[in-house]
Amino acid sequence: MATERCVVSGDPPTGPHPADGDVAVVVLDHRLSIAEATGPDLEPPFPRDIREQLEAVVGDGVRRTVAWTGAAGQRYAGEVLPLPGGAGCVLVVRDASAAQERERRRRQLAASLTEIVAVLRPDGVCTWVSSSIERVLGWTAADLVGERIDRFVHPQDAARIVGLPAALRSGGEHEVTVRLRARDGEYRWVEGSLRATLVPAAGELVEVVCVGRDVTQRRLAEEMLRAREADLRELAENTADFVSRLSPDAIYRYASPSVHRLLGWQPSDLVGRSAYEFIHPDDADAVRRAHSDVFEDEVLPTVSCRLRASDGTYRWMQSTAVAVRTDEGLLREIQVASRDVTEQMALQQRLQHLADHDPLTNLANRRRFERVLEGQVGRAQRYGEVAVLLLVDLDGFKQVNDRFGHLAGDRVLQAAADAIRSRLRSSDEAARLGGDEFAVMLMHAGAEVAARVKLDLVRAIEGAARRVDSVRTPISASIGVALIDTHTVDRDAALRDADADLYRQKTERSPA
């Protein structure tokens, strides 16, 4: 329509044009002449009852809602806002026909949603709510329409919605999570987004559309997790054990304060770093095997490994790990409790050493050497790994015991053991089998190496025996050799072959 324009005193309210083409903002002066208009044209003249409403707003300054049908049957609805000092009024008009169609579509869409959809007035009164409210809270739409929404908000959450009207006037979408009272008196957690509809020219709130979803189960799970983590933290901070939480790829997420007492590190020194940075290289493979098992098992077997302390030394730690998984069964983190067992491991190693070694010479004893020999025979048969077995016998040792006593004999045995040990590589193994009989395993060696070592050992043993105080009887050594290769049947066969070679040498050295 063509609109009559006139000038009024003062600046009328101005603002951006409305986004919707069915909204008009009309500024009227005190004579109800149109001074400014945005949006679609209106059909003049205004009906008599509407003019009376407009005159009343100008006269008493009280805002009113209006609705009428135009000459062409178009339905209009809106609000009349007074201008200061009775200068006129602002008419905010909506095309009610279009609005009704949108409302119909909105209701149809909302009925198919699982989320709660609600429309609120600026004062928080609910004007419409989707039927899904009954599934979530037990209320019907009729129970909520006309009620202030804050009546249903948990008292402890009221502060979360106090500032929302002011925030909504600034535009945009706002998130809020509150507990809403259900029909049975219980509260349900609802997470929602709120978007306001504003009067384009004046920035006034018209309505607020809320879309919410029930997140009660998620919040309960989060609270249970927080409580569990708090219990774990309290336990961790009051226990002598080192408690830690690791990501699936073994990155420290948490380390208890006890790590400072046990290893000298501050918890912050570990967080964000890989556990493998602190594990002794010799123990890393065993830990990795256990680590791979955690992806399938809930509780891992106890693992012992050495962890590096802040001073560079290593402490033995015995650890038990538990897998923490998501609802989908994926590994979320690994919780580990570790206890310092350095003293126990040292004692265990000492006991193991005593069980495997000859107390007089500190060489391996027969039991340990037979295990080593059996393992070498197996490797030779499977992989062709060649080695040499030497059996050493001290000639003249019986005369030492008879003439100078057992203490002198013990010193000769110790000297012989030291001589043998000094001529071997770290990969070789030496043992005292009993009495004056010794054994040597030369790893990764053949006949040529065996011949050279055999000669060297004979000279070393004879020289060492001569240097023993108070012993005037000459001591020599006979050495039998057996090659261990793919043709070696078993451990006993190797010992028999070496013993037979030793006997032949003794026979050849004996006077005819």
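For the sequence shown, my numbering begins at 9 and goes up steadily by one.
The beta carbon of each residue, even a glycine, is placed where N, CA and C say it ideally should be.
Just verifying my parser: in three-state terms, what is the DSSP assignment at residue i?
i, result
"T496", "coil"
"E199", "strand"
"G488", "strand"
"A438", "strand"
"H365", "strand"
"Q274", "coil"
"R227", "helix"
"Q422", "helix"
"Q326", "strand"
"T350", "helix"
"G220", "strand"
"S430", "helix"
"V65", "helix"
"T334", "coil"
"L510", "helix"
"I469", "helix"
"D131", "coil"
"G29", "Unreliable placement is indicated for G29, whose pLDDT of 44 sits below 50; the coordinate value is still reported in the next sentence. Coil, per DSSP."
"I483", "coil"
"R261", "strand"
"D249", "coil"
"A95", "coil"
"R56", "helix"
"L40", "coil"
"E341", "strand"
"R281", "coil"
"V101", "strand"
"R234", "helix"
"P90", "strand"
"R475", "coil"
On a Cα-Cα basis, can you pick out the residue from the options that is closest to residue i?
i, options, result
"Q384", "S41, L397, A372, N373", "L397"
"D257", "S266, E231, S264, Y284", "Y284"
"T494", "A424, G392, A459", "G392"
"T71", "L99, H452, G280, R433", "In the sequence under discussion, the amino acid at residue 71 is Arg, which differs from the Thr named in the question. Ranking the options by Cα distance to R71, first place goes to L99."
"F250", "L278, M232, L228", "L278"
"D222", "D401, A248, R189", "R189"
"V489", "P482, L176, A508, A472", "A508"
"P173", "P163, V217, H361", "V217"
"L40", "C97, A424, V137", "C97"
"A150", "V133, D165, H162", "V133"
"A229", "Y260, W197, T205, I58", "W197"
"A354", "L371, H162, R323", "R323"
"R517", "G404, A439, A468", "G404"
"P130", "I141, A345, G93, I169", "I169"
"T1", "E44, M451, D301, P90", "Any property of residue 1 remains undetermined from this structure, which presents the chain solely from 9 to 520."
"R143", "V380, D68, D192", "D192"
"T205", "V127, D158, Y260", "V127"
"K259", "G280, V267, S201, P275", "The sequence given here has Ile at residue 259, not Lys. Nearest C-alpha to I259: G280."
"R475", "F160, A423, R333", "A423"
"R156", "W136, Q164, L145, S140", "W136"
"M325", "E470, A317, T350", "T350"
Around the Cβ of residue i, are there at least 16 other Cβ atoms within 10 angstroms (buried) or fewer (exposed)?
i, result
"K514", "exposed"
"S252", "buried"
"R187", "buried"
"E194", "exposed"
"R411", "exposed"
"D498", "exposed"
"T77", "exposed"
"G442", "exposed"
"K462", "buried"
"V400", "buried"
"P482", "exposed"
"R102", "buried"
"P26", "Annotation note: pLDDT 36 at P26 (below 50); position unreliable, coordinate value reported separately. Buried."
"D335", "exposed"
"F303", "exposed"
"D505", "buried"
"L359", "exposed"
Contact defined as beta carbons within less than 8 Å: I believe residue i pairs with residue j. What is the distance between those atoms, to the nearest angstrom?
i, j, result
"D348", "L270", "5 Å"
"R375", "D366", "About 10 Å; that fails the 8 Å criterion."
"L339", "A331", "6 Å"
"A416", "T369", "That pair is no contact at about 15 Å."
"A298", "V311", "5 Å"
"V66", "H38", "6 Å"
"A468", "A438", "Incorrect: roughly 12 Å between the Cβ atoms, too far for contact."
"L510", "I487", "7 Å"
"A43", "V35", "5 Å"
"A317", "G272", "5 Å"
Whole runs of the alpha helix (DSSP H) within the stretch 158-196, excluding any shorter than 4 residues
Every alpha helix (DSSP H) of 4 residues or more that sits fully in the stretch 158-196 is shown, in chain order, as 167-170, 172-177.
Contained alpha helix (DSSP H) runs [length at least 4] in the stretch 366-424, N- to C-terminal order:
If we require 4 residues or more, the alpha helix (DSSP H) runs fully inside the stretch 366-424 come out as 374-391, 405-412.
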